[in-house]
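Student: In our numbering, the protein residues as written are 14 to 120. Mind having a look at this structure? Questions to follow.
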């Protein structure tokens, strides 16, 4: 009986230990003010989606403006890139020719 209780106690402790330290991925989402693009990150991966059939390309940034990902694939398409480090902020932009680009705040 003691051995059975010992195994049950060890099993409960193992389950509680797994639940106490979940692996939470960093996630960020941003939308361009004009509604033309969405930038979304999970951990080290940046996704940029063109969300508007307006003829403008979408692009996004991961962490800073040195890490830009362009989406030239057209409306409703998504591109992705994996970076070496965890993404801590994203910015979504729509490339508007001959005018300032429409960019979200950093999220």
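From the three backbone atoms N, C-alpha and C, an ideal C-beta is built for every residue, glycine too.
Quick one, which of 115, 119 and 103 has its alpha-carbon nearest residue 65's?
Tutor: Nearest option by C-alpha distance: 115.
Student: Taking DSSP as the reference, what is the three-state secondary structure of residue 84?
Tutor: In this structure, residue 84 counts as strand in the three-state DSSP scheme.
Student: Residue 78 and residue 55: beta carbons closer than 8 Å?
Tutor: No.
Student: Roughly how many angstroms lie between the CA atoms of residue 72 and residue 44, to the nearest whole one?
Tutor: Cα to Cα, residue 72 sits roughly 11 Å from residue 44.
Student: Can you check which of these residues, 74, 97, 69 and 49, is closest to residue 60 by C-alpha distance?
Tutor: Among 74, 97, 69 and 49, the Cα nearest to that of residue 60 is on 74.
Student: Using DSSP bridges, identify the partner residues of residue 109.
Tutor: Answer is none; residue 109 lacks a bridge partner.
Student: Would you mind working out which of 102, 69 and 76 sits nearest residue 85, comparing C-alpha positions?
Tutor: Among 102, 69 and 76, the Cα nearest to that of residue 85 belongs to 69.
Student: Based on the DSSP secondary-structure assignment, which residues constitute the bridge partners of residue 48?
Tutor: DSSP lists no partner for residue 48.
Student: Give the range of the beta strand (DSSP E) segment to which residue 73 is assigned.
Tutor: That run of the beta strand (DSSP E) goes 70-75.
Student: Examine the ligand SAH and report whether any of its heavy atoms sits within less than 7 Å of the Cβ of residue 57.
Tutor: No copy of the ligand SAH occurs in the structure displayed, which carries no ligand at all.
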